[in-house]
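To keep things clear, I will list the structure first and then write my remarks on it.
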Amino acid sequence: MGSSVSSLNRPLEPKPTRPPALVSGGLFEIETGKSDAPANVRKCLAAGVDEVVVAATTPTVRDDLARTVGCQSKVSLLTAGEAVHRECW
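Here the sequence shown stands for residues 7 to 95, numbered as in this note's numbering.
Shown next, in the form of structure tokens:
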């Protein structure tokens with residue numbers, strides 16, 4: 007147990023990873039379908055965010071959100087998998 011405790015006290019070593027999916031001037035929101043996602047998107051847009059990227063946890067959540075939010079130029083609706091594999095933001 008002593009060795010595992012001492013390993014917790016060491017600083018984490020950086021691991022090579024892809025850069026985080028950040029949107030310049032925008033907001034990246036994860037949507038599970040349990041919140042009022044359309045209201046959250048409206049709040050973001052009302053706050054002056056340039057772009058809202060919503061990564062839904064499932065295709066069903068994405069499709070439900072598409073029906074309620076509709077097509078808006080400042081809103082991208084993706085599944086989490088699509089967001090992770092998207093090449094550029």
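Note that CB positions come from ideal geometry on N, CA and C, so glycine has one too. Predicted, not measured: the structure shown is a model, and the values here were computed from it.
Item                                                                                                       : Value
Host beta strand (DSSP E) of Thr85 (start-end)                                                             : 81-85
Span separating the alpha-carbon of Lys80 from that of Pro44                                               : 13 Å
Ranges of the alpha helix (DSSP H) found wholly within the stretch 26-68, counting only runs of at least 4 : 43-52
Spatially closest choice to Gly39 from Val67, Val58, Glu57, by CA coordinates                              : Val67
Environment of Ala61 [buried if 16+ CB atoms lie within 10 Å]                                              : buried
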